[in-house]
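Residue numbers (this note's numbering): 6 to 230. Everything below concerns the one structure shown next.
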């Protein structure tokens, strides 16, 4: 979008915040419902770690600057800890999964569909009551005025969303070879998520601002706005 290659796109909470901090010409068009249970902090099933407080002094894997980075900060705050009380290990999901399976990290903060992969894990905290975990549809400043096109896009997104909600198995089989994940994990993800297309509200933007404030405090972005 920033270089004009795309007019419309879909992503999670964190990427547009970094794009906005870099002055990218983005406009929020709509969002999907909150899905806080779609991200969580997990440990090995036989781990002695029982809660977030037990993460003190432990190695925790996560994708830096992502929505789960925000989840981890919020979960640590709830437990009376900070990032300084743990050893963050910044890895992309595939590498973090390998590190987790190899016992190179003590906990993993991750989102769906990776969260739904059949690993021997236990969840010590998901996003319920801490984060919202929304997905967004975005466009550029130059395309935002094309109201007729955006109306059609929204209508088709709603149709697709309704079909997926009723046919999670079919779409899981379609997506599995495309993204290299099991049908079972994808179907679990699709059944867990909330469906629908919502108009951008002040509440949604306030939630995005809270993430931006946290990322600014962590020196991940140069400005809160």
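Every residue, glycine too, gets a C-beta built ideally from N, C-alpha and C.
According to DSSP, residue 21 shares a beta bridge with no other residue.
Burial state of residue 120 is buried, judged by a 10 Å Cβ sphere holding 16 or more other Cβ atoms. Between residue 38 and residue 199, the gap from beta carbon to beta carbon is short of 8 angstroms. When C-beta atoms of the segment 162-171 are compared with those of the segment 200-207, three or more pairs fall below 8 angstroms, so the two segments count as touching.
Across the structure, residue 15 and residue 142 are spaced so that their CA atoms are roughly 5 angstroms apart. For residue 14, the enclosing beta strand (DSSP E) begins and ends at 13-16. In its chain, beyond the 5 residues on either side, 65 and 67 have a beta carbon closer than 7 angstroms to the beta carbon of residue 93. Counting only unbroken stretches of 3 or more residues, the beta strand (DSSP E) elements lying wholly within the segment 123-211 are 126-131 and 141-145, in sequence order.
Taking all protein chains in view, the Cβ of residue 11 is surrounded by fewer than 16 other Cβ atoms within 10 Å, so the residue is classified as exposed. Take the alpha-carbon of residue 114 and the one of residue 140: they are about 18 angstroms apart. The Cβ atoms of residue 193 and residue 127 lie no closer than 8 angstroms to each other. For the options 100, 182, 62 and 27, the alpha carbon positioned closest to that of residue 89 is the one of 62. By the Cβ-count criterion, residue 111 is buried, with 16 or more other Cβ atoms from all chains shown falling within 10 Å of its own Cβ.
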